Amino acid sequence: MSDFLRPEVRAFLWRWRDTLIGVGLMVLGLWWGLRAFGAVQWLGYLVLLIGAILAAAGVQRARFRQHGVGAGVVQINERRLSYFGPLDGGVIDVADLTKLELDPSAHPDPNWVLTGVGGQNLSIPINATGAESLFDIFAGLPGIKTADVLDVLSRTPDARVTVWARVRPVLH
Numbered sequence: 062m063s064d065f066l067r068p069e070v071r072a073f074l075w076r077w078r079d080t081l082i083g084v085g086l087m088v089l090g091l092w093w094g095l096r097a098f099g100a101v102q103w104l105g106y107l108v109l110l111i112g113a114i115l116a117a118a119g120v121q122r123a124r125f126r127q128h129g130v131g132a133g134v135v136q137i138n139e140r141r142l143s144y145f146g147p148l149d150g151g152v153i154d155v156a157d158l159t160k161l162e163l164d165p166s167a168h169p170d171p172n173w174v175l176t177g178v179g180g181q182n183l184s185i186p187i188n189a190t191g192a193e194s195l196f197d198i199f200a201g202l203p204g205i206k207t208a209d210v211l212d213v214l215s216r217t218p219d220a221r222v223t224v225w226a227r228v229r230p231v232l233h
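End of the sequence shown = 233 in our numbering, gap-free, step of one.
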C-alpha cells in the first residue's frame with residue numbers, strides 16, 4: 062500500500078491532513094443538512110460548522126509545517142519545551158518565554174529562537190522532528206497573532222525578526 066502513492070503526494074496529503082478532514086466533515090454535514098430532516102438535519106449543520114472550524118485551523122497548521130527533516134527532536138511535556146539537537150539543545154518552560162524570533166541566517170535551515178526570562182536562548186530548526194507542535198505553543202502566547210507567525214515564516218526575511226515579545230508592565 063505504501064507504493065500506491067508517490068512520496069511527494071503522501072507528503073502533501075500528510076501536511077494538509079487537518080484541512081482535508083475538515084473538508085470531509087463539511088461535505089458530510091452539508092449532505093446531512095440538505096438531505097435529512099429533523100434532528101439529523103440540525104446535526105448535519107453542526108457537523109458542517111465543526112468541519113469549517115477544523116478546516117480553517119488545518120490551513121494554518123499546514124502553512125506552519127515545513128518540508129524536509131531538520132536536525133534534532135522537539136518534545137513538549139507539561140508546558141515544558143525540550144529540544145535535543147546533534148550539537149546543542151535545551152529545555153525552557155513555556156511560561157518563562159519572553160521573546161520569539163525567526164533567524165533565517167541559521168545553517169542549514171532557519172531557526173526559531175526562543176528567549177527565556179533569564180536571557181537563555183533555545184534555537185530550534187523550523188523543520189526539526191516534532192516542530193509542528195510548536196504551533197500550539199506559539200498560538201497560546203499572550204497577545205500573539207498567528208497570522209504574523211505564518212507571514213514571517215512564509216516570506217523568510219533576510220535578518221532575524223522578532224515575531225513576539227512579552228509586554229512587561231512598567232511600574233511608576
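Note that CB positions come from ideal geometry on N, CA and C, so glycine has one too. Predicted model, so just to flag it, every value in this text is computed and none were measured.
Do N188 and V130 have their C-beta atoms closer together than 8 Å?
In the sequence shown, the residue the question calls residue 188 occupies position 127. In the sequence shown, the residue the question calls residue 130 occupies position 69. Against a cut-off of 8 Å, the Cβ pair of V130 and N188 comes out as a contact.
Is the beta carbon of G191 sitting closer than 8 Å to the one on Q121?
As a working note, residue 191 is residue 130 in the sequence shown. As a working note, residue 121 is residue 60 in the sequence shown. It is not a contact, given that the beta carbons lie outside the stated cut-off.
Inter-residue spacing [alpha-carbon to alpha-carbon] between I153 and R67
Numbered from its first residue, the sequence shown carries residue 153 at position 92. Numbered from its first residue, the sequence shown carries residue 67 at position 6. The C-alpha of R67 is placed about 38 Å away from the C-alpha of I153.
Is there contact between the stretch 73–91 and the stretch 108–118, where contact requires at least three CB pairs shorter than 8 Å?
Taking 8 Å as the limit for Cβ pairs, the verdict is that the stretch 108–118 does touch the stretch 73–91.
Assign E139 to one of three DSSP states: helix, strand, or coil.
Here residue 139 is taken as the residue at index 78 of the sequence shown, counted from 1. E139 carries a coil assignment under DSSP once its states are collapsed to helix, strand and coil.
In chain order, what are the residue ranges of uninterrupted alpha helix (DSSP H) at least 4 long that sit wholly in the stretch 121–183?
Listed in chain order, nothing qualifies, since the stretch 121–183 has no complete alpha helix (DSSP H) run of 4 or more residues.
Tell me which same chain residues have a C-beta within less than 8 Å of the C-beta of A118, skipping the five on either side of it?
Residue 118 sits at position 57 when you count from the first residue of the sequence shown. Taken in chain order, the residues that qualify are D79, G83.
Which of helix, strand or coil DSSP assigns to W103
Here residue 103 is taken as the residue at index 42 of the sequence shown, counted from 1. If DSSP states are grouped into helix, strand and coil, W103 belongs with the helices.
Considering only the alpha carbon of each residue, which of S194, V178, V101 lies closest to R229?
Along the sequence shown, read from residue 1 onward, the residue named residue 229 stands at position 168. Minimum Cα distance to R229 is reached at V178.
Relative to the C-alpha of T217, which candidate in N182, G146, E162 has its C-alpha closest?
Taking the sequence shown and counting its residues from 1, the one referred to as residue 217 is at position 156. If we check each option's Cα against that of T217, E162 comes out closest.
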